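At position 85 of the sequence shown (counting the first as 1) the number is 86 in this note's numbering, and the numbers step up by one without a gap.
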Amino acid sequence: MLRGADDILQVVEEITCCCAGGVSPDFIFGVDKVQCQGACVNAPVIVVDDDYYEDVTVCDVHNIIQTLKCGGIPPWGPQSGRFACEPITGQTTLLEDPPPPGFGIQQALFGGPNPSLCKP
2 MLRGADDILQ VVEEITCCCA GGVSPDFIFG VDKVQCQGAC VNAPVIVVDD
52 DYYEDVTVCD VHNIIQTLKC GGIPPWGPQS GRFACEPITG QTTLLEDPPP
102 PGFGIQQALF GGPNPSLCKP
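1. Where does residue 24 fall in DSSP's three states?
2. State yes or no: is the C-beta of residue 43 within less than 8 Å of the C-beta of residue 56?
3. Taking C-beta to C-beta, are residue 59 and residue 9 nearer than 8 Å?
4. Let me know if residue 47 comes out buried or exposed under the rule of 16 or more other beta-carbons within 10 Å of its beta-carbon.
5. Give the DSSP-derived three-state secondary structure of residue 1 in the structure shown.
6. So, under 8 Å CB-CB, residue 7 and residue 22 are touching, yes? Tell me the CB distance rounded to an integer number of Å.
7. Classify residue 42 as helix, strand or coil using the three-state DSSP reduction.
8. How would you label residue 19, buried or exposed, when you count the other beta carbons within 10 angstroms and need 16 or more for buried?
9. Using only alpha-carbon positions, find the residue among 71, 91, 81, 94 that is nearest to residue 29.
10. Assign residue 146 to one of three DSSP states: helix, strand, or coil.
11. Look at residue 49 and residue 12 and say whether their C-beta atoms are less than 8 Å apart.
12. Relative to the alpha-carbon of residue 1, which residue among 31, 104, 5 has its alpha-carbon at the smallest distance?
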């Protein structure tokens, strides 16, 4: 599994007292092991209902599960502080504003006939 996901799974199983494919003794947690969450760039990932917790560490997993046990909803998304799927070191492309509409279009395409091309 990607980027330490085996360690994360082991910690989830220990904290919830639930093996992958099973349900915890208090029926609060169920743990499944899947091959793809569609977020490999942000691995390791855990999913609770529809919320993705990305870039999780062992400490993050403890905090997330403890918050859930107390009835709270932990903040979802990347836990590392990065935004969306940008590289962990920061954005590397699209660093400036895009050109305005029409940039790079040939002058002849801007409309109207070109008088120099019209025959009398």
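For every residue, glycine included, the Cβ atom is placed at its ideal position computed from N, Cα and C.
Bear in mind the structure is a predicted one, so any value in this text is a computation, not a measurement.
The structure says:
1. strand
2. yes
3. yes
4. buried
5. This structure cannot speak to residue 1, because the chain is shown only from 2 to 121.
6. At roughly 15 Å, the Cβ-Cβ gap does not stay under 8 Å, so residue 7 and residue 22 are not in contact.
7. helix
8. buried
9. 71
10. Given a span of 2 to 121 for the chain in the structure shown, any question on residue 146 remains unanswerable.
11. no
12. Nothing in the structure corresponds to residue 1, since the chain is present only between 2 and 121.
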